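Accompanying notes for the structure given below.
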Amino acid sequence: ISILPILLSTQNRRNTEASIKYFIVQAIAATILLNAAIINTWNNGSWLINAPLNTFSSNLITIALFLKLSIWPFHFWYPEVINGVSLINGLIITTWQKIAPTIITLLIINNLNINIILICSLSSIIISAWNGLNQTQTRKILSFSSINHISWIILISLYNQNTSLTMFFIYIIINSAI
667 ISILPILLST QNRRNTEASI KYFIVQAIAA TILLNAAIIN TWNNGSWLIN APLNTFSSNL
727 ITIALFLKLS IWPFHFWYPE VINGVSLING LIITTWQKIA PTIITLLIIN NLNINIILIC
787 SLSSIIISAW NGLNQTQTRK ILSFSSINHI SWIILISLYN QNTSLTMFFI YIIINSAI
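Take any residue in the sequence shown, note its place counting from 1, add 666, and you have its number in the working numbering.
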């Protein structure tokens, strides 16, 4: 919720629409994540984030995190939001706002369904690269680039989490330089 005043600092219709869209998507993802945690606690009796997950909780958590990270098939809202906000706010959304969901994903990746992660990450890499090539607007190109990078980070985390974390921090540094 603390990002909302920053996003709404510029008062125009396009920025307001993008900010509200971002808030609604993030609120839905947070609700799904909280419900998955509650369901998992009922089944396991533990609030630990790296506790074993049942299939339903695992799938709900994957959906929530992919929605927060804008990984395919939950990426359709992202280019419009980045295109609607200012460049500085777009930078915040593409970097700072992805730190927590990425770290959570890296912490619990071994408890999630590997096949779903593999299919969604690979699809997201291909679709975002293709859509990025088809754009003429700089902010949309940056948004598809962000989707592509975060998909690579999640895909690499299946094999080596340290490399994935290093790649994520390099992505943040490079993106912040823009």
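Positions of the beta carbon are idealized from the N, C-alpha and C atoms, including for glycine.
Since this is a predicted model, take the numbers as computed values, not measurements.
- The beta carbon of H741 sits closer than 6 Å to the beta carbons of I813 from its chain, once the five residues preceding and following it are set aside; these are given in chain order.
- In this structure, G798 sits away from I791, with a CB-CB distance that is not shorter than 8 Å.
- Rounded to the nearest whole angstrom, the CA to CA distance from F689 to N681 is 12 Å.
- In the three-state scheme derived from DSSP, where H, G and I count as helix and E and B as strand, S712 is classed as coil.
- The beta carbon of I782 sits closer than 8 Å to those of N725, T728, all from its chain and outside the five residues before and after it, given in chain order.
- With a contact defined as Cβ atoms closer than 8 Å, A717 and N706 qualify at about 7 Å.
- Just so you know, the alpha carbons of L753 and L719 end up roughly 39 Å apart.
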